[in-house]
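Colleague: This structure is in structure tokens; I'll ask about it shortly.
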Amino acid sequence: MTTYTFGLDTFGDRNSDADGKPLSHAQTIRNVAEEGVFAEQAGVDFFGIGEHHTEYFPMPAGDVVLAAIAARTERIRLGSAVTVLSSDDPVRVFQRYSTLNAISGGRAEVILGRGSSIESFPLFGYDLADYEELFEEKAALFAELLKDGPVTWRGKTRAPLLNQDVVPHTESGPLPAWIGVGGNPQSVIRAARLGFSLALAIIGGRPARFAAYSQLFQRALEKFGRPPLPVLVHSPGHVAATDEQAKAEFWPRWREIIALIAPERGFALPTEESFDWDTGPDGSLYVGSPETVAQKIATNLRALTATRFDLKYGMPGLTHDQLMTNIELYGRQVVPRVRELLSSPGNGRS
Amino acid sequence: MGKPSRLAVLGAGHVGPVIARLAIKAGYPVTIAASGDPEDIALVTELVIPGAQARWAGDAVADADIVVLAIPLHRFLDVGPALLDGKLVIDAMNYWPASDGALEAFEDDGSSEVVARRLSGSAVVKALNHIGYHELEDQARPAGTPGRKAAGVAGDDPAAVASIAGLVDRIGYDPVRVGILRAGRVLQPGGPVFGAVLTLPEFQRAVREGARSLT
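Each protein sequence line maps, in turn, to chains C and R.
Sequential numbering of the first sequence, starting at 1, is according to the working numbering.
Sequential numbering of the second sequence, starting at 1001, is according to the working numbering.
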């Protein structure tokens, strides 16, 4: 019997009030803490916060917010989604999340990656052209730190460590740690080589095409002599009472944020046609009624032999109330429905 | 059509495997190479690019008629031009500072113009760079399909452009010859069709409107 896990991720998307006026960064952050606490009440298994450093995603220190949530919850697992490891210090990341693990009684996780955001590179004095080398070295060091013993390490991207004890020690085994991968199969191999679980960030195109990545991951684990590790799917979406309402709430905010990013990133704007495709059965946006979203999640978890789905909820400009409704529908209706769909016979799983 | 051209795809990251799969589906013999030992990409090739053969870059290129450059642009500067001498080269790379960081060598001109200057012994055609790797495979359709999407092709050598336009057509897109490499700047990040998936009339309209502001 496969155990499935269902999470919610946020990037600290800046909220607006009911009149469309943006709330302060501070209020948005307080709302995220409320949302995390409410996610536990709604029955969600995991709450993740992705690192961002912008006006519309004011969330550079998600671990601090996770600690606030930890103090007010008992069961929900808490983690990053993602930590931009390349522009951080692996030792500090380990210390922050093992501290969160202590505060939360062993509920911390970490997902390492880059996300689609790059603003931390200039902010902390890193060159994007060094991205690959930074990530490779730091992920390898992080894998050593997870062993929770004295670390000896030498590389180009930070000071060497000689038999260094890094505290606090985790009391309940190693932190669950994942590497987030977009579309590069060699990143899948790296996750397997270093012994991280695989988080597939699927934010465009047909999710089913990632099935090969899931197989690649398990085959690579075998090749490196490692036991099987789980695969999770992270995708954006929005749940409301009906498909029409979910799309009507999400589309203007989605278009708005892409329109803000597009000029600096140099890509084209989504059209209503492309949005309909993305939110349809073949696309990678999970926007709709609980039933629509549940069907899509179940279909794709099966197709990708993944055991965890994390919905990246919210979008700058949505209201806190809309997000709370999303969380409630996800936890109370979508998740039980997906479990039901996945336990029905003939789904091809043992 | 006679014997199909043999393709060597350089790069097994985000973009290379997608182009390789499309080419295999269209009937081309395809080899793929990363920066090192083909053994390193054997699993990726077997599971993600079935039908392709992983080889050392030098061997893959030597036996190919068409070479696809799908490596990060900063890595291109490490590729010796002699490797690609006499080859028909598809430049599917992008200079995209907002995503990959700034590179001085590419600050002033169109990225494919810089690539072509460096590869003076090759015929360089800019193509398959402007549709995102998420979409490139999903949106490919056989010729004649209603609503089929368009993809731009630019190059200074008309015969090379014609050949790559044929390839673009066979792998699933209406080819649009946008002109010489300099005109191919419309296909770059910041250009009117970058990241867009458009039908032929939409593409032509976008290029006409965008070209004014870019040249």
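Just so it is clear, CB atoms sit at the ideal spot from N, CA and C, and this is done for glycine as well.
If the cut is a Cβ gap below 8 Å, which residues of chain R does residue 209 of chain C touch?
Modeller: One-based indexing of the first sequence puts residue 209 of chain C at position 209. Ordered by position in chain R, the residues that pass the 8 Å Cβ test against residue 209 of chain C are 1137, 1138.
Colleague: Going by CA-CA distance only, name the one from C:123, C:147, C:114 that's closest to residue 134 of chain C.
Modeller: Indexing the first sequence from 1 puts residue 134 of chain C at position 134. Among C:123, C:147, C:114, the Cα nearest to that of residue 134 of chain C is on C:114.
Colleague: Using the Cβ count rule (16 or more neighbours within 10 Å means buried), how would you classify residue 1146 of chain R?
Modeller: Position 146 of the second sequence, counting from 1, holds the residue named residue 1146 of chain R. Classification for residue 1146 of chain R: exposed.
Colleague: Below 7 Å between beta carbons is the criterion; list the residues of the region 1037 to 1048 of chain R that meet it against any residue of chain C, in chain order.
Modeller: From the region 1037 to 1048 of chain R, only 1043, 1044, 1047, 1048 have a Cβ closer than 7 Å to chain C.
Colleague: Here's the rule I'm using: 16 or more other beta-carbon atoms within 10 Å means buried, otherwise exposed. How should residue 322 of chain C be labelled?
Modeller: Working through the first sequence from its first residue, we reach residue 322 of chain C at position 322. The residue in question, residue 322 of chain C, is buried, as its Cβ has 16 or more Cβ neighbours within 10 Å.
Colleague: Where does residue 351 of chain C fall in DSSP's three states?
Modeller: Examination of residue 351 of chain C is not possible in this model, given that chain C is present from 1 through 350 alone.
Colleague: When the cut-off is 9 Å and only beta carbons count, does residue 1096 of chain R lie next to chain C?
Modeller: The residue given as residue 1096 of chain R occupies position 96 in the second sequence. Yes, contact with chain C.
Colleague: Quick one: which unbroken alpha helix (DSSP H) runs of 4-plus residues sit fully inside the region 163 to 247 of chain C? Chain order, please.
Modeller: The qualifying runs are 185 to 194, 211 to 223.
Colleague: Residues bridged to residue 1121 of chain R by DSSP?
Modeller: Sequence index remark: in the second sequence, residue 1121 of chain R carries index 121 (1-based). Answer by DSSP bridge pairing: none, since residue 1121 of chain R is not bridged.
Colleague: Compare the C-beta of residue 247 of chain C against all C-beta atoms of chain R and say whether one is closer than 9 Å.
Modeller: Against the first sequence, residue 247 of chain C aligns to sequence position 247. Cβ-Cβ to chain R under 9 Å: no for residue 247 of chain C.
Colleague: Going by beta carbon distance, what residues of the same chain come within less than 6 Å of residue 1133 of chain R, once the five residues before and after it are set aside?
Modeller: The residue labelled residue 1133 of chain R in the question sits at position 133 within the second sequence. Around residue 1133 of chain R: 1014, 1015, 1018.
Colleague: Taking only the alpha-carbon atoms, compute the straight-line gap between residue 183 of chain C and residue 239 of chain C and give it to the nearest angstrom.
Modeller: In the first sequence, the residue the question calls residue 183 of chain C occupies position 183. In the first sequence, the residue the question calls residue 239 of chain C occupies position 239. Cα to Cα, residue 183 of chain C sits roughly 26 Å from residue 239 of chain C.
Colleague: Note down, one range per segment and in chain order, each beta strand (DSSP E) of at least 3 residues found wholly within the region 1078 to 1132 of chain R.
Modeller: Correct list: 1088 to 1091, 1123 to 1127.
Colleague: With the cut-off set at 9 Å, would you say residue 1156 of chain R and residue 1180 of chain R are in Cβ contact?
Modeller: Taking the second sequence and counting its residues from 1, the one referred to as residue 1156 of chain R is at position 156. Taking the second sequence and counting its residues from 1, the one referred to as residue 1180 of chain R is at position 180. Contact flag set, yes.
Colleague: Closest to residue 216 of chain C by CA distance: which of R:1010, R:1114, R:1043, R:1123 is it?
Modeller: Here residue 216 of chain C corresponds to residue number 216 of the first sequence, with the count starting at 1. The residue with the shortest Cα to Cα distance from residue 216 of chain C is R:1043.
Colleague: With which residues is residue 312 of chain C paired in a DSSP beta bridge?
Modeller: In the first sequence, residue 312 of chain C corresponds to position 312, counting from 1. Paired residue(s): C:9, C:236.
Colleague: Once DSSP output is grouped into helix, strand and coil, what is the label at residue 1215 of chain R?
Modeller: Looking up residue 1215 of chain R in the second sequence gives position 215. Annotation note: pLDDT 48 at residue 1215 of chain R (below 50); position unreliable, coordinate value reported separately. Residue 1215 of chain R falls in the coil class under three-state DSSP.
Colleague: Which two residues bound the contiguous alpha helix (DSSP H) that contains residue 278 of chain C?
Modeller: Here residue 278 of chain C refers to the residue found at position 278 of the first sequence. Note, residue 278 of chain C: alpha helix (DSSP H), 272 to 279.
Colleague: In the DSSP assignment, what are the bridge partners of residue 269 of chain C?
Modeller: In the first sequence, counting from the first residue as 1, residue 269 of chain C sits at position 269. In DSSP, residue 269 of chain C forms no bridge with anything.
Colleague: Whole angstroms is fine: what's the gap from residue 88 of chain C's alpha carbon to residue 193 of chain C's?
Modeller: Looking up residue 88 of chain C in the first sequence gives position 88. Looking up residue 193 of chain C in the first sequence gives position 193. Approximately 21 Å between the Cα atoms of the pair.
Colleague: Quick one: list the residues of chain R neighbouring residue 147 of chain C, beta-carbon separation under 9 Å, in chain order.
Modeller: On the first sequence, position 147 is the one that residue 147 of chain C refers to. The premise fails here: residue 147 of chain C is roughly 25 Å from chain R at the closest Cβ pair, so nothing lies under 9 Å.
Colleague: Quick check on the burial criterion: 16 or more other C-beta atoms within 10 angstroms. Buried or exposed for residue 18 of chain C?
Modeller: As a working mapping, residue 18 of chain C is identified with position 18 in the first sequence. So residue 18 of chain C counts as exposed.
Colleague: Any idea if residue 224 of chain C is buried or exposed, counting beta-carbon neighbours within 10 angstroms, 16 or more meaning buried?
Modeller: By one-based count along the first sequence, residue 224 of chain C stands at place 224. With fewer than 16 Cβ atoms within 10 Å of its Cβ, residue 224 of chain C is classed as exposed.
Colleague: Does the Cβ of residue 167 of chain C have 16 or more other Cβ atoms within 10 Å, making it buried, or fewer, making it exposed?
Modeller: For the purposes of this step, residue 167 of chain C is identified with residue 167 of the first sequence, where counting begins at 1. Exposed: under 16 other Cβ atoms inside 10 Å.
Colleague: Look at the Cβ atom of residue 177 of chain C, then the Cβ atom of residue 82 of chain C, and state whether they are nearer than 9 Å.
Modeller: Taking the first sequence and counting its residues from 1, the one referred to as residue 177 of chain C is at position 177. Taking the first sequence and counting its residues from 1, the one referred to as residue 82 of chain C is at position 82. Their beta carbons are not under 9 Å apart, which means residue 177 of chain C does not touch residue 82 of chain C by this criterion.
Colleague: Just tell me which of R:1033, R:1125, R:1206, R:1120 has its CA closest to the CA of residue 1153 of chain R.
Modeller: The residue you call residue 1153 of chain R lines up with position 153 of the second sequence. The option with the nearest alpha carbon to residue 1153 of chain R is R:1125.
Colleague: Do residue 317 of chain C and residue 117 of chain C count as a contact pair if the criterion is CB distance below 9 Å?
Modeller: Indexing the first sequence from 1 puts residue 117 of chain C at position 117. Indexing the first sequence from 1 puts residue 317 of chain C at position 317. Against a cut-off of 9 Å, the Cβ pair of residue 317 of chain C and residue 117 of chain C comes out as no contact.
Colleague: Given this structure, state the Cα-to-Cα distance separating residue 1182 of chain R from residue 1098 of chain R, to the nearest angstrom.
Modeller: Counted from its first residue, the second sequence places residue 1182 of chain R at position 182. Counted from its first residue, the second sequence places residue 1098 of chain R at position 98. Distance between the alpha carbons of residue 1182 of chain R and residue 1098 of chain R is about 21 Å.
Colleague: For residue 1078 of chain R, does the count of other Cβ atoms within 10 angstroms reach 16, so buried, or fall short, so exposed?
Modeller: Residue mapping note: residue 1078 of chain R aligns to position 78 of the second sequence, counting from 1. Answer is exposed; the Cβ neighbour count stays below 16.
Colleague: According to DSSP, which residues form a beta bridge with residue 37 of chain C?
Modeller: Here residue 37 of chain C refers to the residue found at position 37 when the first sequence is read from its first residue. BP columns for residue 37 of chain C are empty, so no partner.
Colleague: So what's residue 1149 of chain R in DSSP terms, helix, strand or just coil?
Modeller: Mapped onto the second sequence, residue 1149 of chain R falls at position 149. Residue 1149 of chain R falls in the strand class under three-state DSSP.
Colleague: How long is the line joining the alpha carbons of residue 1041 of chain R and residue 313 of chain C, rounded to whole angstroms?
Modeller: Here residue 1041 of chain R corresponds to residue number 41 of the second sequence, with the count starting at 1. Here residue 313 of chain C corresponds to residue number 313 of the first sequence, with the count starting at 1. Roughly 35 Å between the two C-alpha positions.
Colleague: By Cβ distance below 6 Å, which residues in the same chain neighbour residue 191 of chain C in space, the five residues on each side in sequence not counted?
Modeller: Taking the first sequence and counting its residues from 1, the one referred to as residue 191 of chain C is at position 191. Taken in chain order, the residues that qualify are 179, 198.
Colleague: Answer yes or no: does any C-beta atom of chain R fall closer than 9 Å to that of residue 182 of chain C?
Modeller: Indexing the first sequence from 1 puts residue 182 of chain C at position 182. Taking Cβ atoms only, chain R reaches closer than 9 Å to residue 182 of chain C, which makes this a yes.
Colleague: Do you know whose CA, among C:218, C:13, C:79, C:124, lies nearest residue 32 of chain C's CA?
Modeller: Against the first sequence, residue 32 of chain C aligns to sequence position 32. Among C:218, C:13, C:79, C:124, the Cα nearest to that of residue 32 of chain C belongs to C:13.
Colleague: Looking only at its chain, what residues have a beta carbon closer than 6 Å to the beta carbon of residue 106 of chain C, apart from the 5 residues adjacent to it on each side?
Modeller: Sequence index remark: in the first sequence, residue 106 of chain C carries index 106 (1-based). Closer than 6 Å at the Cβ level, and outside the excluded window around residue 106 of chain C, lie 172.
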